[in-house]
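Okay, so the first sequence: first residue is 13 according to the numbering used here, each after it adds one. We put the CB at the ideal spot given by N, CA and C, even for glycine. Keep in mind it's a predicted model, so treat the numbers as computed, not measured. Have a look at the structure below before the remarks.
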Amino acid sequence: MQRPIRYGMASSDELPKNYDFAEVEERWQKSWRDEDHYFDPNSKKPQFVIDTPPPYPTGNFHIGNALNWCYIDFFARYKRMKGYNVMFPQGWDCHGLPTEVKVEELNHITKNDVSREKFRKMCRDLTIKNIEQMRLTLRRMAFSTDWSNEYITMMPKYYSKTQLSFLRMLKSGYIYQDEHPVNFCTRCETAIAFAEVSYEDRETQLNFFDFDGVEIATTRPELLAACVAVAVHPADDRYHNLKGKSLKVPLFGHAVPVVQDEAVDPKFGSGAVMICTFGDKQDVHWWKQHNLPLRKAIDRKGKMTEICGKYTGLSSTECRKAILADMKSAGILKKQEKLQQRVGTCWRCKTPIEILSNKQWFIRIRQQEIRDAAHQIKWYPEHMLLRMENWIDQMEWDWCISRQRIFATPIPVWTCTKCGEIVVPDEKDLPCDPTLTKPKQPCPKCGGNDFKGEEDVLDTWMDSSISVLNVTGWDGSGKPKIFPAQIRPQGHDIIRTWAFYSILRSVALTGSKPWDQILVNGMVLGEDGFKMSKSRGNVIVPEDLVGRYGADALRQWAATGAALGSDIMFSWNDVIAASRFQTKMWNIFRFALIQFGKDGIDENAPITALADRWLLARLSDTVAAVSARMENYEFDEALKAIREFAWDVLADNYIELAKGRLYASDVSRKSACRVLYTAYDSLCRMLAPFVPYFAEESYSYLKKGSVHKQPWVDFTFNDPAAKAEGDLLVKVVAEVRKYKHDKGLALNAPLGKVTVYAPHTTNDENDTARTINADVHWRTDKAHLDKVVSGIDFNRSVVGKTFRKDASAFMDAVKALSAEELAHPPKTIAVNGKDLPIPENAFAPQYSYVEEGAKVDMITVGDVIVTVAGKE
RNA sequence: GGGCUCGUGGUCUAGUUGGCUAUGACGUCGCCUUGACAUGGCGGAGGUCCUGAGUUCGAAUCUCAGCGGGCCCA
């Protein structure tokens, strides 16, 4: 049964004994209002705009997303409490191949079976369904999303901005069209960017063959038709005679020059390589360097072109086989060796990429510009900047932004069929699909009226790399008022893509860095330490976890799991520990509420007892520490400090000390209640960003109003003496407990007189006495103790081994020694009439102490002496 | 091959401007059902701080070399 929402001080009979997270979380989720999290454009508060990552709407919010969003929500909530006007937008990065593939799968079609428009609609419908699913999870997780700033990249409102940014960058010369080699996936039939290439190890064959008298080693004989040169190292003596010569390509017969290049490794293969357009990135290098011609041997579908003669139409694998067979029968194939190599593949479908030369759209990469902007951003953790720098430094090609797909932002250009002029739409006519509409004016160059709409579409990163411009309200007119954003949170896996492209685009379009700070979080690994994957069976689904332990427990796991930037192993242990902490907190609050229920709270009661001042001093330190950690996004440390204070300091020490006073009804009870009240209130507020449901529920028993609308805790209590003396108090209690434990006594067993000889007298309001159940006296004078030998500990393994049958006689002799002799034993001792040496470690005297005539036990706490008189 | 990052009890981890007996959690063992909580309390056992060399009165921490893991890239 669900309880009604209630606010304000509870009476103790209203208090449920157990914290039922499922009931509580559902109830609060229903009552919270979206409006409370809206960014207020007219606010006078300082702004805190977050450029959140728009997830790909697969329908499933995975645990890595959850970690990322928890971090965002922690600081979004914290900043709101600190008085900032926070924008926590939610975007959806819709376009791209996975959805196309999914639509084909679900409808049993290929994209060519239906019209482009129909296919797009199918993709849009699926995406909307997925987004709705994921929104539910976001709400269940209690993320304080600003739903008034939601954006969906496939919607006209968003992608018209993508198109606007394209037109602006085209105009300013950043974007150009060119025939250029690009990474190409022949399965997806599209160009892909370097960031989309992944690498796999595989074994291949290195083929040595006779190339017009020169031995050449190649892994890609099928590219023989595309051979445009042979390269050797200039210092390679074997090939001096080839300088300036040309060679005839076997099987094909065209002549190619021999070029010299330092980049050729004389030790690899035969030391002579053939340059083809294009086998790999190195070929592109050489091709540019030596101004070689272009011979295209492979087409977009991965088939051999006409220049391959009789091999035309074969796939590259078939062609390789055929050419090797023909080399063999011509007797020019010398030998074959196995070779380990890394091959670039399409990150989506794992097909090995080809480098093909096509007409494509590009964005110029101006490295220095990006580097400068990256340096103006504060990186958390700092070393992530290095990854960005390394990536920038080794960029060689411009960013290819055109894709040959359907579900994506159209490139808004037409080509005049008569003169080839590029024509663009008016900015006010965006969004625009050039395959469906025509330009309003004739061609400005030749006056022609026949145009071809661009069928290529934009890379998805072209959408998401303006997320920050979108949320800050960019409309093309320079730099928006609230730009740059304050922070970009993201994973380290997309530094070279999303972060890199966002910086590039912001600089190009506004001349400024996109954000003040970037916060980089790690990846979530499975419980076995490996990346989560279905095949490993180590995948954790957030919804499952939330169902079993609640959203707050998952959020705590995210906070405590890892330091910023480092990968985090998933651990059920941490989730269980989190849920236990909530139980503990609930019981602490229950205890406090029961006390408050007896005769209310006096918020101005004088703080009298030492323990009370001690607790407030420790609370003050905790608030300072937690606040500092929050400022630095060190959520693990922040939550750790809260837990430590609540569990160790408040529950295990303070409450144990103050219990007696709270049960009694003297004046100092009010002091303890006020302290409990302050701690309760502060803890709710410090916990609010981490466990919003739990904090809200707990706070509702204390006061009216939502804890999430309270300011962050501002509490200082400076009392170094109370801290030092209170620490002593706690230590004395701990030592006496240990003493009881060692004596086999129950912790509440009564003791007789306990005297503490400390440097200062301490007004502990009898807390110590009640806690350890003894008559406690605090004294500042020196302890007057008489040390008395009360017995002797024999080490029987030493005594027995040394004295054999004289052992008992030896022990009797030792017992007969005086106290003085026992403390400083002689070298020898008379046993059965003989003087025998006393072995080392044979015995140790036991001492007892006598204080004012009574026998006592002595405990030391640093230089403080505590005596305990038994209760006989 | 290059860059980044890391190596601490069985497991995960804190600690690096060099300095008390190396932190905590989980697990484990023992004791305790005391009026918030046994999803608790108290206590114990358990560590070559990856290896080696160096600097130093002193190294988990600094330097060098090596071994090993992870990530990114060639």
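In this structure, the straight-line span from the alpha carbon of I494 to that of I389 is close to 16 Å.
For P168, the secondary structure class from DSSP, reduced to helix, strand or coil, is helix. The shortest C-alpha to C-alpha distance from T357 to any of L442, V480, D441 and V209 is the one to V209. F155 has its alpha-carbon roughly 17 Å from the corresponding atom of V553. Three or more pairs of CB atoms, one per stretch, sit closer than 8 Å, so the stretch 112 to 127 contacts the stretch 407 to 419. Under the 8 Å Cβ criterion, the stretch 72 to 89 does not count as touching the stretch 706 to 717, having fewer than three qualifying pairs. For the pair Q59 and Y96, the Cα-to-Cα distance works out to about 6 Å.
By alpha-carbon distance to I143, the top candidate from F822, P838 and M167 is M167. Y211 is a Cβ neighbour of R354, given a cutoff of 7 Å. In the three-state reduction of the DSSP assignment, H107 falls in the coil class. The beta-bridge partner set that DSSP reports for P422 consists of V469.
In this structure, L576 keeps its C-beta atom at 7 Å or more from the C-beta atom of S177. DSSP lists no bridge partner for Q294.
Judged by pairs of C-beta atoms under 8 Å, the stretch 26 to 44 touches the stretch 588 to 607, as three or more such pairs exist.
With 16 or more other CB atoms across the displayed protein chains lying within 10 angstroms of its CB, W724 is buried. Approximately 5 Å separates the beta-carbon atoms of A707 and C696; this is inside 8 Å, confirming the contact.
In the structure shown, the three-state DSSP call for Y513 is helix. The residues N77, in chain order, have a CB closer than 6 Å to that of P67 in the same chain once the five nearest residues on each side in sequence are set aside. Distances from the alpha-carbon of I613 to those of Y769, N599 and R681 put R681 closest. If you check the CB distance, M535 and D471 do not come in under 7 Å. Secondary-structure assignment with DSSP links E366 through a beta bridge to F196. Secondary structure note for T783: its alpha helix (DSSP H) is the uninterrupted segment D779 to I784.
Secondary-structure assignment with DSSP links E162 through a beta bridge to Q102. Rounded to whole angstroms, the Cβ separation of E737 and T774 is 5 Å, and the two are in contact under 8 Å.
Apart from sequence neighbours up to five positions away, the residues of its chain that approach L218 with a beta-carbon distance below 8 Å are A229, T230, T231, G281, Q348, E349, K350 and L351, ordered along the chain. Apart from the 5 residues on each side of it in sequence, N303 has no Cβ closer than 7 Å to any other Cβ in its chain.
Closest by C-alpha distance to G562, out of W81, I588 and W44, is I588. The bridge partners DSSP lists for C288 are C239. Following the DSSP letters along the chain, one finds A497 inside the beta strand (DSSP E) bounded by residues A497 to G503. With fewer than 16 other CB atoms across the displayed protein chains lying within 10 angstroms of its CB, T329 is exposed. Taking the Cα of C361 as reference, the smallest distance to any Cα among E381, T198 and V296 is reached at T198.
Taking a contact as a CB-CB distance under 8 Å, the pair I319 and R332 does not count as one, their CB atoms being some 16 Å apart.
The Cβ neighbour count for P193, taken over all protein chains shown within 10 Å, is at least 16; the residue is labelled buried. Residue pairing by DSSP places A842 opposite D847 in a beta bridge. W81 sits in a helix when the DSSP states are folded into three classes. If you draw a straight line from the Cα of V635 to the Cα of A570, it is about 21 Å long.
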